[in-house]
Amino acid sequence: MTPSAPAPHVDVATPERVALSLPVAGIGYRCLAWLVDASLLFFFWVALYFVITLLVSDVLGAFQSLSGLTQTLFAVGLFATQWLYWTLAEVFFHGQTPGKRALRIRVVREDGSPVGFLESAVRNLCRAVDFLPVLYATGCITMLLDARHRRLGDLLAGTVLVREEAIDLDKYTRPAASEAAAQAMTATAAQRPLGAEDVELVLAFLARAPGLAPDVRRRLGARLVDRVGATLTDEERAQVLQTPEALESFLRTRAQAAH
Amino acid sequence: MATPLPAFVARRRPDWDALQALLARQRAGRLHLEELRTLDTLYRRASADLARAQTFYPGTDAHRFLNQLCGQAYGAIYQPPRERWASTRDFFLRDFPATLRREARFVGVSAGMLVLGLLLGALVVTLEPRGAELLVPEGVRRYVAQGRMWTDDILSVAPPNAVASGIATNNLTVTLFAFASGILLGVGPIFTLVNNGVLIGAVGALCFREGMTVGFLDFIAAHGPVELSIIVIAGGAGLMVGQALIDPGELPRAQALQARGREAVKLVVGCAPFLAGIGMVEGFISPGHLFPTWAKVGLGLSLGALFWFYLLRAGRTDAGATRDAVPEDRASSRLR
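Heads up: the protein sequence lines correspond to chains A and B, in order. The numbering of the first sequence is this note's numbering, which starts it at 4 and goes up by one. The numbering of the second sequence is this note's numbering, which starts it at 43 and goes up by one.
Following this line, the structure appears as structure tokens:
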């Protein structure tokens, strides 16, 4: 089940002498994460606006007399929105803003280690340029051109966004339906265990089988049985192919067979 | 023949689950010392499992899972040193001014650009009055034509647009942009610096022609020196980035960019608190007539002098003594 074209990834050589390779987050993940963050900031500003107008503005006309203060507040707030929010979140939440956390992506250095303050500061200061001329046009073009989907800020800071996948390990250990399994076990016992590739193939089929159209389910199952159950006699094969349950149970037992 | 994949997963899975649970606790910041040791042990085991999976089960979900697990644990274990107040203080006492002095060339060139723009703007408006129509925003021109400062009634009919886009009220955006646009081959900072210089020069010359020099000075004096210095420094940082792109030296371009970027951003981060401070001055003191002009001029000049005294002197006295003890690259890696 290896993908035909290698997806972009970050290679990390750890001091333990193991090569990690982390999948890179593409432009879609990044846009969605940004949308989440931008919406959060937007609601923050709306809330702040209402609080200020309710508490301050109309009671004492303080906006008029404190024009300097509001101006300063606005500049500071802009600063916070543009830069502080992203940088502090990335530094203190292990490379994740709330939006990135929701999308399960993370900023890391190019060697896979966590980002520090300076890197985060650089990549977020560069938002100003990546935003040009509107709505991250520059950043998006750079992301499309770059093999690892980095925007200009990432290039300057030497950072990259990696993705965390939800991987279900249960599929390897999920028990086969017991009654049919015992039956199939006799047929399985004599055969040698499958290679990792066949195991993945079978498990991927089993995970998807309930959602397939009945005839597709039967046809694919039969082909898999032929592939992994080469030593079955004709009689055993007919028995296995009788119902989808028996077929899939056989496949699962086959995939999980130990030595 | 290796262990079948499901058997391998079934046998090793408890360790992986334990490691995941520990990582979740570590992220929440609740980890005891013993747990930390366990984390380390489990990480090493998972690394060994990953090596095994790479050999026997490449491309499977188990391999991907281990990859990710080890990546997370690696990130948790090899963290950059935590930011502490001591290192922040050290940054402002030594690292920031020292970086600025080291990169004085860029800041000098940046200042030159701004002055060039200033002279250009002032010259054009002085020699050819109609040049103001081109260079000065219309809102500002309307006010000046009426003989009033546009800062006098910022919150009246027109929104403070003129000021915002005019004389560096938008200092924050200008500063950020002067730095960040350095990645556009250094063209960005040059444009920003010259453009702002021209704007200020043109407005100044226009005010001078209309006999409003005092009003102009009145507004700009208190915050101008420090604010323009900060813009010049940020522009210098942007030029550093541009230079790394155009002339990376012996390093590959991407690496040169990262190395110079780290240095350059120190200049911008160092300026940030001063930018906030001068923003307060600009907000409270500069507009209106709460303070007399001489007080504003005095304040502006002394703030500017203090700022540059700090930049040129801070950390210099003990720099010679500690330079041998603390190598330059370690000193600069402190604020990670």
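Positions of the beta carbon are idealized from the N, C-alpha and C atoms, including for glycine. Computed from a predicted model, the values in this text were never measured in an experiment.
Taking the continuous beta strand (DSSP E) assigned at residue i, which residues delimit it?
{"i": "A/Arg166", "result": "162-166"}
{"i": "A/Val110", "result": "108-112"}
{"i": "A/Ala1", "result": "The structure shown does not extend to residue 1 of chain A, since chain A is modelled only from 4 through 262, so no value can be given for it."}
Give a yes or no on whether the C-beta atoms belonging to residue i and residue j are separated by under 8 Å.
{"i": "B/Ser248", "j": "B/Leu156", "result": "With the sequence shown as reference, residue 248 of chain B is identified as Leu, and Ser is not the correct amino acid for it. Not in contact: B/Leu248 and B/Leu156 (Cβ atoms no closer than 8 Å)."}
{"i": "A/Ala36", "j": "A/Ala105", "result": "yes"}
{"i": "A/Gly224", "j": "A/Leu250", "result": "yes"}
{"i": "B/Val310", "j": "B/Phe233", "result": "no"}
{"i": "B/Val450", "j": "B/Leu281", "result": "Nothing about residue 450 of chain B can be reported from this structure: the residues present for chain B run from 43 to 378 only."}
{"i": "B/Leu317", "j": "B/Pro139", "result": "no"}
{"i": "B/Ala174", "j": "B/Ala128", "result": "no"}
{"i": "A/Asp201", "j": "A/Gly102", "result": "no"}
{"i": "B/Ala286", "j": "B/Ala298", "result": "yes"}
{"i": "A/Val21", "j": "B/Leu92", "result": "yes"}
{"i": "A/Thr17", "j": "A/Leu25", "result": "no"}
{"i": "B/Leu64", "j": "B/Thr83", "result": "no"}
{"i": "B/Ile320", "j": "B/Ile272", "result": "yes"}
{"i": "A/Glu203", "j": "B/Asp103", "result": "yes"}
{"i": "A/Pro11", "j": "A/Ala150", "result": "yes"}
{"i": "B/Ala357", "j": "B/Arg126", "result": "The displayed chain sequence assigns Gly, not Ala, to residue 357 of chain B. No, they are not a contact pair."}
{"i": "A/Val231", "j": "A/Leu206", "result": "no"}
{"i": "A/Leu158", "j": "B/Ala296", "result": "yes"}
{"i": "A/Trp86", "j": "A/Leu128", "result": "yes"}
{"i": "A/Val13", "j": "A/Gly115", "result": "yes"}
{"i": "B/Gly224", "j": "B/Gly284", "result": "yes"}
{"i": "B/Gln121", "j": "A/Pro117", "result": "yes"}
{"i": "A/Glu93", "j": "A/Val110", "result": "yes"}
{"i": "A/Ile170", "j": "B/Phe107", "result": "yes"}
{"i": "B/Leu142", "j": "B/Val149", "result": "yes"}
{"i": "B/Ala301", "j": "B/Ala279", "result": "no"}
{"i": "B/Arg251", "j": "B/Pro179", "result": "no"}
{"i": "B/Arg304", "j": "A/Leu91", "result": "no"}
{"i": "A/Leu244", "j": "A/Val228", "result": "yes"}
For residue i, report the span of its alpha helix (DSSP H) as first-last.
{"i": "B/His105", "result": "103-119"}
{"i": "A/Val137", "result": "Run containing A/Val137: none; DSSP gives neither H nor E here."}
{"i": "A/Val118", "result": "Neither: A/Val118 is in no alpha helix (DSSP H) and is coded neither H nor E."}
{"i": "B/Val151", "result": "146-169"}
{"i": "A/Ala41", "result": "30-55"}
{"i": "A/Val15", "result": "Careful: A/Val15 lies outside any alpha helix (DSSP H), inside the beta strand (DSSP E) at 12-16."}
{"i": "B/Phe221", "result": "213-222"}
{"i": "B/Leu135", "result": "It is not in any alpha helix (DSSP H) - B/Leu135 carries neither H nor E in the DSSP assignment."}
{"i": "B/Gln68", "result": "47-70"}
{"i": "B/Ile272", "result": "266-288"}
{"i": "B/Trp350", "result": "335-355"}
{"i": "A/Gln99", "result": "Segment: none, A/Gln99 is in no alpha helix (DSSP H) and carries neither H nor E."}
{"i": "B/Cys249", "result": "229-251"}
{"i": "A/Leu223", "result": "217-231"}
{"i": "B/Glu77", "result": "75-98"}
{"i": "B/Gly257", "result": "255-262"}
{"i": "A/Gln259", "result": "247-259"}
{"i": "A/Asp173", "result": "173-176"}
{"i": "A/Ala212", "result": "No alpha helix (DSSP H) contains A/Ala212, which DSSP labels as neither H nor E."}
{"i": "A/Val243", "result": "237-243"}
{"i": "B/Glu175", "result": "173-177"}
So does residue i have its beta carbon nearer than 7 Å to some heavy atom of the ligand ZN?
{"i": "B/Ser328", "result": "Of ligands this structure carries none, so the ligand ZN is not represented either."}
- Query: In the stretch 219-248 of chain B, which residues sit with their C-beta less than 8 Å from some C-beta in chain A, listed in chain order?
  - Reply: Phe219, Phe221, Ala222, Ser223, Ile225, Leu226, Gly230
- Message: Closer than 7 Å between beta carbons: that is the criterion. Which residues of the stretch 106-126 of chain B meet it against chain A?
- Response: Arg106, Phe107, Asn109, Gln110, Cys112, Gly113, Tyr116, Gly117, Tyr120, Gln121, Pro122, Glu125
- Message: Count Cβ pairs between the stretch 104-123 of chain B and the stretch 84-96 of chain B that sit closer than 8 Å; are there 3 or more?
- Response: yes
- For the stretch 159-171 of chain A, which residues have a CB atom closer than 8 Å to at least one CB atom of chain B, in sequence order? Leu159, Ala160, Gly161, Val165, Glu167, Glu168, Ile170, Asp171
- Task: Would you check if there are 3 or more beta carbon pairs closer than 8 Å linking the stretch 247-265 of chain B to the stretch 335-353 of chain B?
- Result: yes
- Do the stretch 92-112 of chain A and the stretch 149-167 of chain A touch if we need at least three Cβ pairs shorter than 8 Å? yes
- the stretch 47-56 of chain B contacting the stretch 165-179 of chain A, beta-carbon criterion three pairs below 8 Å: yes
- Query: Any contact of the stretch 141-157 of chain A with the stretch 17-33 of chain A, i.e. 3+ C-beta pairs under 8 Å?
  - Reply: yes
- Message: Using a Cβ-Cβ cutoff of 7 Å, what residues of the stretch 112-142 of chain A are near chain B? List them in chain order.
- Response: Gly115, Ser116, Pro117, Gly119, Phe120, Leu121, Ala124, Val125, Leu128, Cys129, Ala131, Val132
- Query: What residues in the stretch 43-55 of chain B bring their beta carbon closer than 9 Å to a beta carbon of chain A?
  - Reply: Met43, Ala44, Thr45, Pro46, Leu47, Pro48, Ala49, Phe50, Val51, Ala52, Arg55
- chain B contacts from the stretch 16-27 of chain A (Cβ-Cβ distance under 9 Å): Thr17, Pro18, Glu19, Arg20, Val21, Ala22, Leu23, Ser24, Leu25, Pro26
- Anything in the stretch 130-155 of chain B with a Cβ closer than 8 Å to a Cβ of chain A? List those residues in chain order, please. none
- Item | chain B contacts made by the stretch 96-108 of chain A, where a contact means CB separation under 7 Å | His97
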